[in-house]
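For reference, the structure is listed below as structure tokens.
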């Protein structure tokens, strides 16, 4: 009588051998290949999150989700995604401060048989975390030879006194790409220096929008994101663009650097959010029910590597859709994208674009959208030359400090508070 264990071992061996042979055949490789991948984009807000689905075949896809592993609370629409493309799918109207389980379902071609990716989970933000309707914005702290530690510490003191829900820094924080000697010791010293300043914020949460001197340019081999992740883990997600909500507020942080992989020229079309971030922006704005919508970006997606200016350049390139000669260029340079970013802002009733980069305070308006250039918090002088970077409209004010923004009902108020506590300018906008 044969040994049953030997029989089972031989059968298992034969099965494994057949599977191994099958895996080396074209059919086996096709069976093993999964035609879709999914990645969480940005950070979950208190009521929504987005997933970017990339494909190697033409597929149909949707997402099912719920608040426990074994129950489905809802499903998205089915999206048709062409081969080699990426589609952002948003899940909205979620409970705040909740663990949400989600699963991407897909079917190849016109098949009705849907397969599943591995179930994942994400936690929505707590509304209470941003219960205050007041927040602060600064830009370009630098802390270089043109900065004053005393002035910057004064600004940080005024920020703390304002008791904001958070401080948004619009970038050019670490300045690592300006280092003559980019040794690890020098890079670390920059991150440690800025961490020391931000610790003066106490309990005020810090949020970061990348600047062009923060060591994460898509067209440069020099990249210091790992250091940012080490020193600022709470501010360093997988992606540098994200959104979150406050009391009747939507905050959208854009990343113009990671996906700009060609050194920009005067042509200007090299600057880009990239299609995935653009689609995410559309979905985020489309699904927002908040009355007050704020966009944060270091500088507009326009022009050469310097990209200086405000509304005077806002109608160009990916941001506004025009070529330098004034002709339409969006359809040719961004085929299939839809609309330039400025038009999206109008369509979805965005009220403000806050940007840094030019080291001065200039309040401008274009088609009802406030384009607010934010001054430095650390510069020791108070003189400005708005013409230097092509600003020919709006209101320019000298001095260093931060912006205090508050919303109440239909009204958003912006105050430019200097490092010594004086109010240099103030205005309101109705949503």
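Numbering (my numbering), first residue to last: -14 to 416. Positions of the beta carbon are idealized from the N, C-alpha and C atoms, including for glycine. Since the structure is predicted, the reported quantities are computational estimates derived from the model, not experimental observations.
C-alpha distance - residue i paired with residue j, whole-angstrom precision
{"i": "residue 341", "j": "residue 237", "result": "15 Å"}
{"i": "residue 118", "j": "residue 93", "result": "46 Å"}
{"i": "residue 337", "j": "residue 276", "result": "12 Å"}
{"i": "residue 59", "j": "residue 322", "result": "28 Å"}
{"i": "residue 264", "j": "residue 37", "result": "9 Å"}
{"i": "residue 402", "j": "residue 347", "result": "14 Å"}
{"i": "residue 328", "j": "residue 168", "result": "43 Å"}
{"i": "residue 134", "j": "residue 365", "result": "9 Å"}
{"i": "residue 305", "j": "residue 163", "result": "30 Å"}
{"i": "residue 8", "j": "residue 19", "result": "Its pLDDT being 48, under 50, residue 8 is placed unreliably by the model, and the measurement read from it follows with that caveat. For residue 8 and residue 19, the distance between alpha carbons rounds to 14 Å."}
{"i": "residue 416", "j": "residue 400", "result": "17 Å"}
Nonlocal neighbours in the same chain, by C-beta distance under 6 Å from residue i, ignoring five residues either side
{"i": "residue 330", "result": "354"}
{"i": "residue 398", "result": "391 and 413"}
{"i": "residue 246", "result": "203 and 204"}
{"i": "residue 84", "result": "106 and 108"}
{"i": "residue 143", "result": "402 and 406"}
{"i": "residue 154", "result": "123 and 193"}
Coarse secondary structure for residue i, derived from DSSP in three states
{"i": "residue 7", "result": "In this predicted model, residue 7 has a pLDDT of only 47, less than 50, meaning its place in the structure is not dependable; the value taken from the coordinates is given anyway. Three-state DSSP puts residue 7 in a helix."}
{"i": "residue 214", "result": "helix"}
{"i": "residue 201", "result": "coil"}
{"i": "residue 126", "result": "coil"}
{"i": "residue 226", "result": "coil"}
{"i": "residue 137", "result": "helix"}
{"i": "residue 152", "result": "strand"}
{"i": "residue 380", "result": "strand"}
{"i": "residue 219", "result": "helix"}
{"i": "residue 162", "result": "helix"}
{"i": "residue 146", "result": "helix"}
{"i": "residue 412", "result": "strand"}
{"i": "residue 268", "result": "helix"}
{"i": "residue 297", "result": "coil"}
{"i": "residue 275", "result": "coil"}
{"i": "residue 113", "result": "At residue 113 the pLDDT is 49, less than 50, meaning the model places this residue with poor confidence and gives no usable figure here."}
{"i": "residue 287", "result": "coil"}
{"i": "residue 331", "result": "helix"}
{"i": "residue 41", "result": "coil"}
Cβ distance (whole Å) where residue i is taken to contact residue j below 8 Å
{"i": "residue 64", "j": "residue 47", "result": "7 Å"}
{"i": "residue 81", "j": "residue 109", "result": "5 Å"}
{"i": "residue 226", "j": "residue 235", "result": "Contact doesn't hold; Cβ gap of about 14 Å is too wide."}
{"i": "residue 140", "j": "residue 123", "result": "7 Å"}
{"i": "residue 339", "j": "residue 281", "result": "5 Å"}
{"i": "residue 374", "j": "residue 343", "result": "5 Å"}
{"i": "residue 388", "j": "residue 408", "result": "11 Å between Cβ atoms; not a contact."}
{"i": "residue 231", "j": "residue 150", "result": "6 Å"}
Check whether residue i and residue j have beta carbons under 8 Å apart
{"i": "residue 137", "j": "residue 320", "result": "no"}
{"i": "residue 379", "j": "residue 295", "result": "yes"}
{"i": "residue 268", "j": "residue 75", "result": "yes"}
{"i": "residue 258", "j": "residue 270", "result": "no"}
{"i": "residue 157", "j": "residue 125", "result": "yes"}
{"i": "residue 196", "j": "residue 208", "result": "no"}
{"i": "residue 289", "j": "residue 249", "result": "yes"}
{"i": "residue 43", "j": "residue 68", "result": "yes"}
Residues near residue i in its chain [Cβ-Cβ closer than 7 Å; skip 5 each side]
{"i": "residue 70", "result": "40"}
{"i": "residue 233", "result": "275, 276, 277 and 392"}
{"i": "residue 244", "result": "203, 257, 258, 259 and 262"}
{"i": "residue 377", "result": "297"}
Close Cβ partners of residue i (< 8 Å) along its chain, the five nearest in sequence each way excluded
{"i": "residue 146", "result": "406"}
{"i": "residue 418", "result": "As displayed, the chain neither begins before -14 nor continues past 416, which places residue 418 out of reach and without an answer."}
{"i": "residue 333", "result": "270, 271, 273 and 278"}
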